Amino acid sequence: MIHKIYREQQLNCDIATAWTFFSSANNLSEITPKDMNFIVLTQMMDDEIYEGMIIDYYVSPILGIKMKWKTEITQVDFQRSFTDFQKKGPYKLWNHHHEFIVNEKGVLMKDTVDYELPLGFLGEIAHAIFVKKKLEHVFSYRYKVLEERFNKKIK
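The numbering of the sequence shown is this note's numbering, which starts it at 360 and goes up by one.
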């Protein structure tokens, strides 16, 4: 069964700042909970994202078990959107579309993830018991970090 995560967040910055931050794989570990031990393995000379770009990571999503995760950037519309697709990793399907919409307050960022777990019925049981909660935790953590980074009120 394919599941969906949808989140949006208003960022108080310009599009160039938002795009530079989110299109750099080097920033992913900053917005991922520390208990997931997220490590970007691919050495990138610059952060310019492009279609066909392959990025390798280590991640420990469950019980500290280290797994390789390989994504491909399958779509880029400069300063508007990009999509990363899991080529190898813990999911049967992981397709993450990032969208950036300029507005009067800065940039509205939208995340849409379509995902499916392996192992059929057993994967669905795992989803109900802990995977869904873990993903909610990851995106809540991300929201909090981004609020601090982009929306912190100056007193």
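Beta carbons are placed, not taken as given, at the ideal position from N, Cα and C, and that holds for glycine. Here the structure is a predicted model, which is why all the values come from computation and not from measurement.
Residue of the options minimising C-alpha distance to residue i
{"i": "Phe437", "options": "Pro420, Ala377, Lys464", "result": "Ala377"}
{"i": "Gly448", "options": "Thr433, Met426, Ser440", "result": "Met426"}
{"i": "Ser382", "options": "Tyr409, Ile421, Leu476", "result": "Tyr409"}
{"i": "Gly479", "options": "Arg366, Lys446, Lys451", "result": "Lys451"}
{"i": "Pro392", "options": "Leu370, Val435, Lys493", "result": "Lys493"}
{"i": "Val472", "options": "Tyr500, Asp443, Phe380", "result": "Asp443"}
{"i": "Ser419", "options": "Val490, Val504, Lys469", "result": "Val490"}
{"i": "Asp394", "options": "Lys363, Leu467, Tyr417", "result": "Tyr417"}
{"i": "Thr430", "options": "Gly423, Leu422, Gly411, Asp373", "result": "Gly411"}
{"i": "Val466", "options": "Cys372, Thr433, Lys363", "result": "Cys372"}
Residue burial classification, residue i (beta-carbon count within 10 angstroms, cutoff 16)
{"i": "Asn462", "result": "exposed"}
{"i": "Ile414", "result": "buried"}
{"i": "Lys514", "result": "With a pLDDT of only 49 at Lys514, under the threshold of 50, the placement of this residue in the model should not be trusted; the figure read from the coordinates follows. Under this definition Lys514 is an exposed residue."}
{"i": "Asn454", "result": "buried"}
{"i": "Ala375", "result": "exposed"}
Under the three-state DSSP convention, the category residue i falls into
{"i": "Lys514", "result": "At Lys514 the pLDDT is 49, less than 50, meaning the model places this residue with poor confidence and gives no usable figure here."}
{"i": "Leu400", "result": "coil"}
{"i": "Thr376", "result": "helix"}
{"i": "Asp406", "result": "coil"}
{"i": "Tyr500", "result": "helix"}
{"i": "Met412", "result": "coil"}
{"i": "Arg439", "result": "coil"}
{"i": "Gly448", "result": "coil"}
{"i": "Leu481", "result": "helix"}
{"i": "Met360", "result": "coil"}
{"i": "Met421", "result": "The residue asked about is misnamed: residue 421 is Ile in this sequence, not Met. Looking at Ile421 - three-state DSSP - the assignment turns out to be coil, as it is neither helix nor strand."}
{"i": "Lys427", "result": "strand"}
Residue i to residue j span [Cα, whole Å]
{"i": "Phe441", "j": "Ile361", "result": "20 Å"}
{"i": "His496", "j": "Arg508", "result": "18 Å"}
{"i": "Glu389", "j": "Ile398", "result": "10 Å"}
{"i": "Arg439", "j": "Ala487", "result": "33 Å"}
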